[in-house]
Amino acid sequence: MSEEVRKKSSVGIIGAGIQGVCIALYLIKKGFKVSLIDRDDPGENSASYGNAGHFSPYASLSMNRPDILIDVPSMLLSSTGPLALKWNYVPKMIPWFLKFIKNSTKKKMMHTAKYMHQILDLALPAYDELFQEIDLSGLVESRGILYFWTNRDLKSRELEINVREKLGVEQKLLKPNEIHDLEPHIKQIYHGGVLYPSARHARNPRKILLKLFELFLKKGGRFIKENVEIINFSSDNKPSIKTNVDSHIFDKAVIACGAFSKKLTDQVDEKIPLDTERGYHVHFKGYDHLLSRPVIFLNRGFGITPMEQGLRVVGTVEFGGLNNPASKKRILNLINNAKYLFPELKDHHDEWLGFRPTLPDFLPVIGPSKNNKNIVYAFGHQHLGWTLGAITGKIISGILTNEKTNLDLSAYSLTRFS
Ligand SMILES: Cc1cc2nc3c(=O)[nH]c(=O)nc-3n(C[C@H](O)[C@H](O)[C@H](O)COP(=O)(O)OP(=O)(O)OC[C@H]3O[C@@H](n4cnc5c(N)ncnc54)[C@H](O)[C@@H]3O)c2cc1C
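This note's numbering puts the first residue of the sequence shown at 2, with every later residue one more than the last.
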């Protein structure tokens, strides 16, 4: 597509989370006329606001694994564990679960790992291209991410470490004294750990998102604060987006609404089995000096990140859809887990529930619609959407300009569900 044609082409992006904002920036750099549409202000309350802030290029192994599948019943029964269900949602979730089971063989696990690795490996360089245009002083730290565990949890650790070794991921196994040297304030309950030195962390994901968004506006992008209700097509097949306020016609539209994307893809008559893994955070204000980097305690499946807001304690995978209320029990579980590692913690603040967008094979959907050539999808980044924002933006901009790529994008196509 020539520069001239691009300058005249309009793209509407629905969703101003990290995917939408990064896609918008990469497209505006290529000369498109870009509008971002969101029902809220960017970073107001989305997953891109409340996540753990990890930039995790190492995390290619996802949850569709034979060992995790075997452990699901015991994890659901454990009161301190990471997994939970809203029972009223179970009937709706059964088709997703059946597909998840099918995708948890060793072969499928390795397929997901290979294709997550392909984009994770490019995730940080893609951010660096965007970050060089904004001032991020004090907002991104490069101190790696530390996992630790007690002997009870060694089995699944070995699998992860072996797969990452095969994929060439940089990792450093740690003895208890080395963990203590790195993070001396954590109660010494651990027997081993691993450091992923290439990982970074955000000290305030919302501020970073807003800086990228402001850059988008500065470059001439338009923001429309409206709720998208219906997607139709004009007589010449262009997407016509009806909101609670108005209708907008674009040459192309990108659906990047995270876990909420299914409501819109259903209207394009695509059968995409997107659902959500709900997750929570709380803050302990004024305690961020207790950690230098994010840590994850594997046995209890939760993490703590030092942020501007204090210690952000993050965790839980709860299957319960988009409409159930937050679970007090899950919040309490996070608080107790944090106090187990740091007995000096007192009052917490900001109880938050967010929605990870997850497909049953744990790969995102990045690519064109099957039913309309003017619609493109970018959602389903599960636990890694914060890490994958910029590379997703770069890939989508390449798709819309018909650029040649060395990447094999077939694994992210929605045709895998037909
Ligand atoms: C507890 C938790 C911890 C996490 N930790 C990490 C981490 O450390 N590292 C990592 O890489 N990832 C992490 N993630 C995952 C990551 O946050 C998500 O994958 C990512 O934020 C998804 O980004 P998104 O832009 O696709 O969606 P979102 O951030 O959910 O944004 C979607 C946007 O679409 C808008 N929208 C939806 N429907 C409509 C509509 N009809 N009309 C208009 N606007 C609409 C919403 O208002 C929202 O702003 C975590 C997630 C959770 C929940």
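Even glycine gets a Cβ: it sits at the ideal position worked out from N, Cα and C.
Asked, Found
"Three-state class that DSSP yields for methionine 308 in the structure shown", "strand"
"Candidates Gly194, Gln310, Arg223 and Ala124, of which the one nearest asparagine 300 by Cα", "Gly194"
"Buried versus exposed call for serine 248 [16 or more other C-beta atoms within 10 Å across all chains shown]", "exposed"
"Spatial neighbours of cysteine 23 in its chain, beta-carbon cut-off 6 Å, leaving aside the 5 residues before and after", "Gly390, Ala391 and Gly394"
"Under 8 Å between C-beta atoms of alanine 114 and leucine 70", "no"
"Residues bridged to alanine 254 (per DSSP)", "Gly13 and Ile376"
"Beta-carbon proximity of phenylalanine 56 to histidine 202, cut-off 8 Å", "yes"
"Near ligand 1: threonine 388 beta-carbon under 7 Å from a heavy atom", "yes"
"Neighbourhood of phenylalanine 224 by C-beta, 6 Å cutoff - its chain only, sequence neighbours within 5 removed", "Leu37"
"Contact under 8 Å by Cβ, isoleucine 376 with isoleucine 256", "yes"
"Pick from Gly386, Ile400, Tyr341 and Asn325 that is closest to tryptophan 88, judged by C-alpha positions", "Asn325"
"One or two residues paired with aspartate 39 in a DSSP bridge", "Lys226"
"C-alpha gap between methionine 110 and phenylalanine 303, whole angstroms", "22 Å"
"Whole-Å CB distance - arginine 444 paired with alanine 85, under 8 Å assumed", "Lying before the first or after the last residue shown, residue 444 is absent from the chain, which here runs from 2 to 419."
"Endpoints, the alpha helix (DSSP H) within which glycine 194 is located", "First-last for glycine 194: 193 to 197, but that is the beta strand (DSSP E), not the alpha helix (DSSP H)."
"Three-state secondary structure assigned by DSSP to histidine 350", "strand"
"Unbroken alpha helix (DSSP H) run spanning threonine 150, endpoints", "Residue identity check: residue 150 is tryptophan in the sequence provided, not threonine. No alpha helix (DSSP H) holds tryptophan 150; the beta strand (DSSP E) holding it covers 146 to 150."
"Serine 248 - DSSP class collapsed to helix/strand/coil", "strand"
"Own chain partners of glutamine 310 with C-beta closer than 6 Å, once the 5 adjacent residues on each side are dropped", "His284"
"Limits of the unbroken alpha helix (DSSP H) element including histidine 118", "107 to 121"
"According to DSSP, residues forming a beta bridge with lysine 243", "Ile231 and Ser248"
"Residue range of the unbroken beta strand (DSSP E) whose run includes lysine 173", "173 to 175"
"Beta-bridge partners of valine 314, as assigned by DSSP", "Val283 and Ile305"
"Anticipated Cβ contact below 8 Å, serine 10 with lysine 34, distance rounded", "7 Å"
"Residue of Glu345, Arg204, Ala412 and Gly316 minimising C-alpha distance to leucine 360", "Ala412"
"Through-space distance from phenylalanine 343 to leucine 183, alpha-carbon basis", "15 Å"
"Three-state secondary structure (DSSP) of glutamate 45", "coil"
"Run of the alpha helix (DSSP H) containing phenylalanine 214, from where it starts to where it stops", "206 to 219"
"Closest residue to alanine 200 among Asp351, Asp122, Ile400 and Phe98 (Cα-Cα distance)", "Asp122"
"Residues near histidine 112 in its chain [Cβ-Cβ closer than 6 Å; skip 5 each side]", "none"
"Contact test: isoleucine 38 Cβ vs ligand 1 heavy atom, cutoff 7 Å", "yes"
"Residue nearest to isoleucine 180 in terms of C-alpha spacing, selected from Gly399, Gly145 and Asp409", "Gly145"
"Nearest residue (CA-CA) to arginine 294, options Asp129, His186 and Gly82", "His186"
"Beta-bridge partners of phenylalanine 298, as assigned by DSSP", "Phe149 and Phe303"
"Of the residues Asn338, Trp150 and Gly18, the one placed nearest tryptophan 387, counting alpha carbons only", "Gly18"
"Cβ-heavy atom distance, alanine 327 to ligand 1, below 7 Å", "no"
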